[in-house]
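For reference, the structure is listed below as structure tokens.
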Amino acid sequence: MSEDNLLDLALVRLDEAARHLAIDPDVIEKLKYPRETTKARLMIRMDDGSRKSFIAWRCRYDDTRGPTKGGIRYHPDASEEEAEALAFWMTFKCAVMNLPYGGGKGAVRVDPRSLSRSELERLSRAYIQAFARILGPDRDIPAPDVYTNSMIMGWMADEYAQIVGQAAPAVITGKPLALGGSVGRDDATARGGYYLTCHLAAEMGLGEQMRVAIQGFGNAGRHIARLLAADGHKIVAVSDSAGAVFAHDGLNVERLEAAKAAGRPVTSTVGLDGHQECPADELIATACDLLVPAALENMIHERNVSKVQARVVLELANGPVTPEADRILERNGVIVLPDILANAGGVTVSYFEWVQNRQGYYWELAEVHSRLRTIMEREGREIWRTAQEKKVPMRTAAYVHALRRLAAAIEAHGTQNFFSAE
Ligand code: NAD
7 MSEDNLLDLA LVRLDEAARH LAIDPDVIEK LKYPRETTKA RLMIRMDDGS RKSFIAWRCR
67 YDDTRGPTKG GIRYHPDASE EEAEALAFWM TFKCAVMNLP YGGGKGAVRV DPRSLSRSEL
127 ERLSRAYIQA FARILGPDRD IPAPDVYTNS MIMGWMADEY AQIVGQAAPA VITGKPLALG
187 GSVGRDDATA RGGYYLTCHL AAEMGLGEQM RVAIQGFGNA GRHIARLLAA DGHKIVAVSD
247 SAGAVFAHDG LNVERLEAAK AAGRPVTSTV GLDGHQECPA DELIATACDL LVPAALENMI
307 HERNVSKVQA RVVLELANGP VTPEADRILE RNGVIVLPDI LANAGGVTVS YFEWVQNRQG
367 YYWELAEVHS RLRTIMEREG REIWRTAQEK KVPMRTAAYV HALRRLAAAI EAHGTQNFFS
427 AE
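Per the working numbering, residue 7 is the first one in the sequence shown, and the count goes up by one each step.
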């Protein structure tokens, strides 16, 4: 997929959802343009004394439902188009979950692996210096994304506090626990997908003991494997960037986790506990009930989608199924639990972190889990109902569900004048 049309592709979802609702065309027009995208050149001192500059963006796509919320990505291919498309997705993801947020996204065009730790810290602080005037707990709240993590969020929160001259932990989520992070954030994305799948299992025709294949064994993939295995489901295949492993009677998830914790690929467990190697690109062809793409975008596409045997696809990754593949899965009767719902547990616990920071009162893990479960089940059930009523796939239903909320907020604000910064 060319990066030039990422936002156009995202907007296809908007048009599709609009067809199922009687909506003021002004609302759709407003949602077609980001409210503001700010660009900066970050010039930092390198360890050898030289200076290097990096292009950075922050997009606040829509703030009708609340402050904009979305991660900051460090990537050599980052672009303004991509930041805007991802900010559009965040707008819908927050609306799907009824979080009081709009959508935003940030990016720096950099290969973070080429920087030392101190260069990475200077770059992260420079990002906040450049964008501090548009950030804030009531304006725009970043979080981690690809190649950024809690350590970076900690530096960023610290830089922001220095600029405004007071502690402001609610300006950023995904912080280390020591700086006001929330318990339960580490496995929130997988846990949200797990609660959703369990809640709708009977309706989707999933049995008591599922066979599960998981593509990607990082944060999202590892945690969902653990949660499902603990319930007695069989994790029959998993993969990472180095390869895939399969076991007809179920893989030993603890063994896999130990291998990853020691920095080894999942294939290092081949030969142990009945684990067999299988070609990585065959993972999606595994005979299973539930397929969980938890690696990268566009992994299931027109050329490999016909191999999918699963009854249900749980999109823990963002955008793992291309629009063409999506149509084929629908034709084949495969249920896709779409990313803006399936992986929204992460942003939901980020919201809990923001609430706790503002309250100055921190919850127990059981409270985080119980609140997450309530929201995933409530929104999942509503979207399921919409899908049945309108006879549309879950993805369209999720966009319809979000668009209803966005339209209500936009209309309540008044639709006389809109602007988007050019
Ligand atoms: P991660 O970097 O921890 O894990 C990614 C995993 O994918 C790694 O195991 C990697 O080896 C594997 N991988 C890479 N290329 C692969 C390939 N070709 N085939 C098979 N596996 C491959 O990342 P993560 O945080 O787990 O995120 C995974 C996906 O979930 C991304 O799309 C991300 O945007 C999405 N997501 C994550 C979160 C979160 O809270 N972590 C929240 C929302 C969405």
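Every residue gets a Cβ at the ideal spot worked out from N, C-alpha and C, and that includes glycine.
Assigned secondary structure, residue 274 (DSSP; H/G/I helix, E/B strand, else coil): Reading the sequence shown from its first residue, position 268 is the one you call residue 274. Here residue 274 sits in helix by DSSP.
Pick from 91, 280, 27 and 50 that is closest to residue 429, judged by C-alpha positions: The chain is shown only over 7 to 428; residue 429 falls outside these bounds and no answer can be derived.
Collapsed DSSP secondary structure at residue 8 in the structure displayed: The sequence position of residue 8 within the sequence shown is 2, counting from 1. Confidence is the limiting factor: at residue 8 the pLDDT is only 44, short of 50, which leaves the residue's position unreliable, though a coordinate-based value still follows. Residue state, collapsed to three classes: coil.
Option in 315, 301 and 318 with minimal Cα separation from residue 326: The count along the sequence shown starts at 1 and reaches residue 326 at position 320. If we check each option's Cα against that of residue 326, 301 comes out closest.
Best match in 349, 75, 285 and 280 for proximity to residue 229 [C-alpha to C-alpha]: As a first step, residue 229 must be located in the sequence shown, where it is residue number 223. Among 349, 75, 285 and 280, the Cα nearest to that of residue 229 belongs to 349.
beta-carbon residue 186 near the ligand NAD non-hydrogen atom, thresh 6 Å: Position 180 of the sequence shown, counted from the start, is the residue given in the question as residue 186. Residue 186 Cβ: outside cutoff for every heavy atom of the ligand NAD.
Sequence-distant residues of its chain with Cβ nearer than 7 Å to residue 404 (five each side left out): Position 398 of the sequence shown, counted from the start, is the residue given in the question as residue 404. Cβ neighbours of residue 404 beyond the five flanking positions: 102, 344, 346, 347 and 389.
Chain C within 7 Å of residue 313, Cβ atoms only: Reference to chain C is not applicable here, since this structure consists of a single protein chain.
Residue 226 Cβ short of 6 Å to the ligand NAD heavy atom set: Taking the sequence shown and counting its residues from 1, the one referred to as residue 226 is at position 220. Flag set: Cβ of residue 226 near the ligand NAD.
Cβ neighbours of residue 97 in the same chain (closer than 6 Å, five flanking residues each side left out): Numbered from 1 along the sequence shown, position 91 holds the residue referred to as residue 97. Annotation for residue 97: 67, 68, 108 and 109 place their beta carbon closer than 6 Å to its own, counting only its chain and skipping 5 residues before and after.
Same chain only: Cβ atoms within 6 Å of residue 253, ignoring 5 sequence neighbours per side: Position 247 of the sequence shown holds residue 253. The answer, listed in chain order, is 280 and 281.
Any non-hydrogen atom of the ligand NAD within 6 Å of residue 246 CB: Looking up residue 246 in the sequence shown gives position 240. Yes, since a heavy atom of the ligand NAD falls inside the 6 Å radius drawn around the Cβ of residue 246.
Residue 27 (DSSP reduced to helix, strand or coil): Against the sequence shown, residue 27 aligns to sequence position 21. The answer is coil: DSSP assigns residue 27 none of H, G, I, E or B.
Collapsed DSSP secondary structure at residue 245 in the structure displayed: Your numbering for residue 245 matches position 239 in the sequence shown. In this structure, residue 245 counts as strand in the three-state DSSP scheme.
At least three beta-carbon pairs within less than 8 Å, the region 109 to 129 to the region 25 to 33: Judged by Cβ distances under 8 Å, the region 109 to 129 makes no contact with the region 25 to 33, as fewer than three pairs qualify.
Close beta carbons around residue 237, own chain, < 8 Å, minus the five adjacent residues each side: Walking along the sequence shown from the start, residue 237 turns up at place 231. Closer than 8 Å at Cβ, skipping near neighbours: 204.
Own chain partners of residue 399 with C-beta closer than 7 Å, once the 5 adjacent residues on each side are dropped: On the sequence shown, residue 399 is found 393 positions in, with the first residue counted as 1. For residue 399, where only same-chain residues beyond five positions count, the Cβ hits under 7 Å are 336, 342 and 393.
DSSP state of residue 51 mapped onto helix, strand, coil: Looking up residue 51 in the sequence shown gives position 45. Three-state DSSP puts residue 51 in a strand.
Residue 419, DSSP secondary structure in three states: Start at 1 with the first residue of the sequence shown, and residue 419 comes out as number 413. Correct three-state label for residue 419: helix.
CB contact flag (residue 221, residue 106, <7 Å): For the purposes of this step, residue 221 is identified with residue 215 of the sequence shown, where counting begins at 1. For the purposes of this step, residue 106 is identified with residue 100 of the sequence shown, where counting begins at 1. No, the Cβ-Cβ distance between residue 221 and residue 106 is not below 7 Å.
Spatial distance of residue 371 from residue 130 (CA atoms): Stepping through the sequence shown from its first residue, residue 371 is reached at position 365. Stepping through the sequence shown from its first residue, residue 130 is reached at position 124. Going by the C-alpha atoms only, they are around 29 Å apart.
Beta-carbon spacing of residue 82, residue 147 below 7 Å: As a first step, residue 82 must be located in the sequence shown, where it is residue number 76. As a first step, residue 147 must be located in the sequence shown, where it is residue number 141. No, these two residues do not count as a Cβ contact at 7 Å.
Burial state of residue 128 (16 or more Cβ within 10 Å): As a working mapping, residue 128 is identified with position 122 in the sequence shown. So residue 128 counts as buried.
Reduced DSSP secondary structure (H/G/I, E/B, other) of residue 56: Within the sequence shown, numbered from 1, the residue matching residue 56 stands at position 50. Reduced to three states, the DSSP call for residue 56 is coil.
Cβ-heavy atom distance, residue 262 to the ligand NAD, below 6 Å: In the sequence shown, residue 262 corresponds to position 256, counting from 1. No, Cβ of residue 262 sits at least 6 Å from all heavy atoms of the ligand NAD.
Residue 203: CB within 6 Å of a non-hydrogen atom of the ligand NAD: The residue labelled residue 203 in the question sits at position 197 within the sequence shown. No.
Coarse secondary structure for residue 372, derived from DSSP in three states: On the sequence shown, residue 372 is found 366 positions in, with the first residue counted as 1. Residue 372: helix per DSSP, three-state reduction.
Cutoff 7 Å; reference residue 256; Cβ partners in own chain excluding five residues on either side: What you label residue 256 is simply residue 250 of the sequence shown in a count that begins at 1. Cβ neighbours of residue 256 beyond the five flanking positions: 240, 241 and 242.
Given residue 315 as reference, the closest of 137, 219 and 122 once Cα atoms are compared: As a working mapping, residue 315 is identified with position 309 in the sequence shown. Checking every option, the nearest Cα to that of residue 315 belongs to 219.
C-alpha distance - residue 53 paired with residue 60, whole-angstrom precision: The sequence position of residue 53 within the sequence shown is 47, counting from 1. The sequence position of residue 60 within the sequence shown is 54, counting from 1. Cα to Cα, the separation comes out at about 16 Å.
Contiguous beta strand (DSSP E) assignments of at least 3 residues, all confined to the region 86 to 118: 108 to 115
As assigned by DSSP and simplified to three states, the class of residue 33: Your numbering for residue 33 matches position 27 in the sequence shown. Residue 33: helix per DSSP, three-state reduction.
Backbone CA spacing between residue 206 and residue 162 [nearest angstrom]: Position 200 of the sequence shown holds residue 206. Position 156 of the sequence shown holds residue 162. Their Cα atoms are separated by approximately 39 Å.
Simplified DSSP assignment, three categories, for residue 20: Numbered from 1 along the sequence shown, position 14 holds the residue referred to as residue 20. In this structure, residue 20 counts as helix in the three-state DSSP scheme.
Residue 223 (DSSP reduced to helix, strand or coil): Looking up residue 223 in the sequence shown gives position 217. Residue 223 falls in the coil class under three-state DSSP.
Residue 195 CB to nearest heavy atom of the ligand NAD below 6 Å: If you number the sequence shown from 1, residue 195 lands on position 189. Because some heavy atom of the ligand NAD lies under 6 Å away, the Cβ of residue 195 counts as near it: yes.
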